[in-house]
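K.L.:
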Amino acid sequence: MPASEKMYRYAFSILKNSETAADVVQECLMKIWDKRSKLSEIQNLDSWAMRITRNQCYDWVKTNRFSLLGDKELNRIDSRNTDDRVLVNDHIKWINKILSSLSEKHQEIFHLREIEDLPYQDISEILGLSLSEVKISLHRTRTKIKLEMTKIEEYGIAN
Amino acid sequence: MESQIRKIQQKYWDGESTVQEEKLLKEHFSKTNDSDLEAKYFEHLNQKSEIKYKQKFKHPGKTRFLPRWIMAAAIMIGILGSAYLFNINNKQNEFLVEDPQEAYEITQKALLTISAGLNKATILADNLGKFDTAKEKISE
Chain A
308 MPASEKMYRY
318 AFSILKNSET
328 AADVVQECLM
338 KIWDKRSKLS
348 EIQNLDSWAM
358 RITRNQCYDW
368 VKTNRFSLLG
378 DKELNRIDSR
388 NTDDRVLVND
398 HIKWINKILS
408 SLSEKHQEIF
418 HLREIEDLPY
428 QDISEILGLS
438 LSEVKISLHR
448 TRTKIKLEMT
458 KIEEYGIAN
Chain B
2 MESQIRKIQQ
12 KYWDGESTVQ
22 EEKLLKEHFS
32 KTNDSDLEAK
42 YFEHLNQKSE
52 IKYKQKFKHP
62 GKTRFLPRWI
72 MAAAIMIGIL
82 GSAYLFNINN
92 KQNEFLVEDP
102 QEAYEITQKA
112 LLTISAGLNK
122 ATILADNLGK
132 FDTAKEKISE
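Protein sequence lines correspond, in order, to chains A and B. The working numbering puts the first residue of the first sequence at 308, with every later residue one more than the last. The working numbering puts the first residue of the second sequence at 2, with every later residue one more than the last.
1) Taking CB distances under 9 Å as the criterion, tell me whether B/H60 reaches chain A.
2) Chain A beta carbons: is any one of them nearer than 9 Å to that of B/W70?
3) With 7 Å as the C-beta to C-beta threshold (strictly closer), list the residues of the stretch 44-55 of chain B near chain A in chain order.
4) Inspect the CB distances between the stretch 48-59 of chain B and the stretch 320-339 of chain A and report whether three or more fall short of 8 Å.
5) Check whether the Cβ atoms of A/Y315 and B/K53 sit closer than 9 Å, and answer yes or no.
6) Could you tell me the alpha carbon to alpha carbon distance between A/I399 and B/Y42, rounded to whole angstroms?
7) Hey, out of A/W401, A/F319, A/S354 and A/S344, whose CA is closest to A/W367's CA?
8) What does A/I422 reach in chain B if we use C-beta pairs closer than 7 Å?
9) With distances taken between CB atoms, is the gap from A/K345 to A/I359 smaller than 9 Å?
10) Between A/S354, A/W401, A/R361 and A/K453, which lies nearest to A/D424 when the distance is taken from Cα to Cα?
11) Determine the DSSP secondary structure at B/K53, reduced to helix, strand or coil.
12) Hey, could you find the ends of the alpha helix (DSSP H) B/S4 is sitting in?
13) Please list the partners that B/V98 has in chain A, where partner means a Cβ-to-Cβ separation under 8 Å.
14) With a Cβ-Cβ cutoff of 9 Å, do A/I416 and A/L434 count as a contact?
15) Mind listing the chain B neighbours of A/V332? Cutoff is C-beta to C-beta under 8 Å, in chain order.
16) Give the residues of chain B in contact with A/K412, contact being defined as C-beta atoms less than 8 Å apart.
17) Would you report the Cα separation of B/N88 and B/L81, rounded to the nearest angstrom?
18) Given a threshold of 16 other Cβ atoms within 10 Å of its Cβ, counted over all protein chains shown, does A/N298 qualify as buried or as exposed?
19) Could you tell me the boundaries of the alpha helix (DSSP H) in which B/K24 lies?
20) For the stretch 440-447 of chain A against the stretch 455-464 of chain A, are there 3 or more C-beta pairs whose distance is under 8 Å?
21) Given that B/E22 touches chain A, what residues does it touch there, using C-beta distances under 7 Å?
22) Scan the stretch 351-370 of chain A for residues whose Cβ lies nearer than 9 Å to a Cβ of chain B and list them as they occur along the chain.
23) Can you pull out the residues from the stretch 310-337 of chain A whose beta carbon lies closer than 8 Å to at least one beta carbon of chain B?
24) State yes or no: is the C-beta of B/G62 within less than 9 Å of the C-beta of A/W340?
25) Counting only Cβ pairs nearer than 7 Å, list the residues of chain B close to A/I459.
26) Candidates A/K369, A/L409, A/K404 and A/C335: which alpha carbon is nearest A/M456's?
27) Between which residues of its own chain and B/S50 is the CB-CB distance below 8 Å, once the five residues before and five after are set aside?
28) Residues of chain B with CB closer than 7 Å to the CB of A/K453, please, in chain order.
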C-alpha cells in the first residue's frame with residue numbers, strides 16, 4: 308500500500324521508535340485488510356488510514372506507557388542538561404528542540420502538514436479538530452520557528 | 002524563479018501558502034546549497050518526508066496463511082495421533098467377551114466373590130449385637 312510509508316512516518320513521529328512504528332503499521336494494514344469490503348464506501352482512504360494509524364499508536368502508548376515513561380524521563384533530563392547555546396550550523400537540533408517543546412497535538416499537526424503535505428481538511432479529519440484550530444496551530448508553530456531562526460541569525464544562539 | 006520562491010516563502014510564514022507551493026519550497030531548497038537557516042529548515046523538512054521503513058510491509062492478505070512446512074507438520078501430527086488412538090482402542094477391546102455364556106459365567110464368579118465378602122460382614126455384625134446385649138445385662 309502506498310499509504311504505508313506515510314503511516315510509518317506518522318507512527319514514528321508519535322512513537323519515536325522505528326520497530327514499534329513498523330509493528331503498529333503492520334497491525335493497521337491487517338485492520339484495513341479486514342475491512343476491505345467496505346473500502347469503496349470511504350471517501351478519503353488516506354485520511355482514514357492515517358486515523359487508524361493514530362488510534363493504533365495511542366492504543367499502543369496506553370498499553371505500554373510504563374515502558375515509554377523511562378524514555379520520556381530521559382528526554383526531560385536531556386533537555387534540562389542541554390546548553391541553551393546552539394551552534395548556528397546545528398540546524399536539526401534547534402528545529403527538533405522547538406518541536407519537542409510543543410504539545411502532542413501541535414506536533415502532530417506540524418508533521419501532517421510539513422512532512423506529509425496534507426491539506427487542512429484532511430488534518431482536521433484525522434485529528435478530529437476544526438479547520439480553524441488546525442490553521443491557527445500551524446501558524447503559531449511556524450511563527451515560533453521563524454522567531455527562533457531570527458534570534459539565531461542575529462545573535463547566533465537559540466533560547 | 003528566485004523572486005517566485007521569495008514570494009512563496011513569505012506566504013508560508015504568513016500561513017497563506019498552499020500544499021503545492023510548500024512542496025515547491027522544499028524541493029527547491031533540497032537542490033540548492035544555500036547555507037542560510039531557512040534553506041536548511043526546508044531541506045530538513047524534505048529529508049524527513051522521504052524517510053521510509055527499511056523493509057517492505059507484508060501484504061496483510063498473505064500473512065494469514067501458514068507456511069507450507071507448518072501445514073505439512075500439522076497433517077503428519079494428525080495422522081500419527083489418529084494411529085496412536087486407534088492402537089489404544091484395539092488394546093481395550095482385548096477385554097471384550099463375545100460369547101454370552103462365557104460372559105454369564107465370569108459375571109457369576111464375580112458376584113459370588115462379592116457375596117462371600119458380604120457374608121463375612123453379616124456374621125461379624127451378629128457377634129457384635131450379642132456382645133452389646135450381654136453388656137447391657139451386666140450393667141443392669
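Where a beta carbon is used, it is the ideal one built from N, C-alpha and C, also for glycine.
P.N.:
A quick look at the data gives this:
1) It does; some Cβ of chain A falls within 9 Å.
2) no
3) Listed in sequence order: H45, L46, K49, S50, I52, K53 and Y54.
4) The answer is yes - the stretch 320-339 of chain A touches the stretch 48-59 of chain B, with three or more Cβ pairs under 8 Å.
5) yes
6) 8 Å
7) A/F319
8) Neighbours of A/I422 on chain B, chain order: L46, K49 and S50.
9) At a Cβ-Cβ threshold of 9 Å, A/K345 and A/I359 do not count as neighbours.
10) A/S354
11) coil
12) Per DSSP, the unbroken alpha helix (DSSP H) holding B/S4 starts and ends at E3 to W14.
13) At a C-beta separation below 8 Å, B/V98 has no neighbours in chain A, since its nearest C-beta there lies roughly 58 Å away.
14) yes
15) Per Cβ cutoff of 8 Å: Y54 and F58.
16) Here the premise fails: no neighbours, minimum Cβ distance about 17 Å.
17) 11 Å
18) Limits of chain A in this structure are 308 at one end and 466 at the other, which puts residue 298 of chain A out of reach.
19) DSSP places B/K24 inside the alpha helix (DSSP H), whose first and last residues are V20 to K32.
20) no
21) Ordered by position in chain A, no residue passes the 7 Å Cβ test against B/E22, which lies about 11 Å from the chain.
22) none
23) The residues in question are S311, E312, Y315, R316, F319, S325, A328, A329, V332, Q333, L336 and M337.
24) With respect to the 9 Å criterion, B/G62 and A/W340 are classified as neighbours on the basis of their beta carbons.
25) Correct list: L38.
26) A/K404
27) K27
28) W14
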